Amino acid sequence: MPNMAPFPRSRVSRNLPFQGTGLDYLGPVYVKDDTVMKKRWICLFTCFVTRAIHLEIVNDMTTEEFICAFRRFVSTRGTPSEVISDNASQFKLCSETIKSVWENTIIKNEIVQNYMSSCGIQWKFITELAPWMGGFYERLVGLVKRCLRKTLRKRSVSDVQLLTLMKEIEAVINSRPLVYVDEELQSRTTLTPNHFLAINSQNGIPDVDYDLKDPSYKTCETSSEKLKKL
Numbered sequence: 075m076p077n078m079a080p081f082p083r084s085r086v087s088r089n090l091p092f093q094g095t096g097l098d099y100l101g102p103v104y105v106k107d108d109t110v111m112k113k114r115w116i117c118l119f120t121c122f123v124t125r126a127i128h129l130e131i132v133n134d135m136t137t138e139e140f141i142c143a144f145r146r147f148v149s150t151r152g153t154p155s156e157v158i159s160d161n162a163s164q165f166k167l168c169s170e171t172i173k174s175v176w177e178n179t180i181i182k183n184e185i186v187q188n189y190m191s192s193c194g195i196q197w198k199f200i201t202e203l204a205p206w207m208g209g210f211y212e213r214l215v216g217l218v219k220r221c222l223r224k225t226l227r228k229r230s231v232s233d234v235q236l237l238t239l240m241k242e243i244e245a246v247i248n249s250r251p252l253v254y255v256d257e258e259l260q261s262r263t264t265l266t267p268n269h270f271l272a273i274n275s276q277n278g279i280p281d282v283d284y285d286l287k288d289p290s291y292k293t294c295e296t297s298s299e300k301l302k303k304l
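Note that the sequence shown covers residues 75 to 304 in the numbering used here.
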């Protein structure tokens, strides 16, 4: 068995979080808007070095939605110097719709390319027939999908609930250990991506016991309750 090739320099060089970023889409995820089910997609950004992720929800795969999601990412994490993503040929096993949208929205779209150039961002696409080059973000796409399946199952949620869930999934994945954890380790602190993103690596709040008698608290109506009002 041949020896494994060394990591690319960008994966092991000391740098700020998200200076090198991998980009991919996943979805669609269905949300409930009144009585209508709508599609949402998730844009995943991951850091080359710290392996942290950042998730943004987009309403569709148009140029405007992508640029808005990218601007939100930059406003939160800073401007990356390098971005790596799939190219359209990687979607050959997917539907022609996804392939066409990705190619026209991202790769060949002049607006997107001009925006990247104005920000000083170098955008690279992985080589065709070399899927392992995108393995560092495909692995995290799988983790996000697994969290979604375990959490949502067959339930439908609103846009606000999906946004909250995405940020909680982001926090959970960014809290995973980056190194082997020995049972005999004296320190209880384990290095995680969150340690590179914030001084306080603790995240989440305890579940709140809502007072149903509180007039300011209104529970979410169930489907049966909504049907009774019709």
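The beta carbon of each residue, even a glycine, is placed where N, CA and C say it ideally should be.
In this text, all values refer to a predicted model and were calculated from it rather than measured experimentally.
Query, Result
"The alpha helix (DSSP H) spanning Q235 covers which residue range?", "233-247"
"Which two residues bound the contiguous alpha helix (DSSP H) that contains Q187?", "184-192"
"Should G209 go down as buried or exposed, given a rule of 16 or more other Cβ atoms within 10 Å for buried?", "exposed"
"Do you know whose CA, among F92, Y211, R83, S87, lies nearest T150's CA?", "F92"
"Going by C-alpha distance, which of G96, W115, M78 is nearest K219?", "W115"
"Taking all protein chains shown into account, decide if L97 is buried (16 or more other Cβ within 10 angstroms of its Cβ) or exposed.", "buried"
"Have a look at Q187, S192, C193 and flag the residue whose alpha-carbon is nearest the alpha-carbon of F199.", "Q187"
"Closer than 6 angstroms by C-beta to Q196: which residues in its own chain qualify, once you throw out the five before and the five after it? Chain order, please.", "E156"
"Can the beta-carbon of F119 be found less than 7 angstroms from the beta-carbon of T95?", "yes"
"What does F81 pair with, by DSSP beta-bridge criteria?", "DSSP, once it has assigned bridges, lists no residue as partnering F81."
"Starting from the N-terminal side, write out each stretch of the alpha helix (DSSP H) that is 4 residues or longer and does not extend beyond the region 76-142.", "83-86"
"Quick one: give me the first and last residue of the beta strand (DSSP E) that E157 is part of.", "Reading off the sequence, residue 157 comes out as Val, not Glu. 156-159 is the span of the beta strand (DSSP E), which, as asked, contains V157."
"Grab the span of the alpha helix (DSSP H) containing K219 for me, first residue to last.", "209-226"
"When burial is assigned at 16 or more other CB atoms within 10 Å of the CB, is P80 buried or exposed?", "exposed"
"Please report how far the alpha carbon of N133 lies from the alpha carbon of D256, in whole angstroms.", "43 angstroms"
"Under DSSP, the alpha helix (DSSP H) around N268 begins and ends at which residues?", "268-271"
"Which residues in the same chain have their Cβ closer than 8 angstroms to the Cβ of S230, if we skip the five residues on either side of it in sequence?", "Y104, V105, K106, M111"
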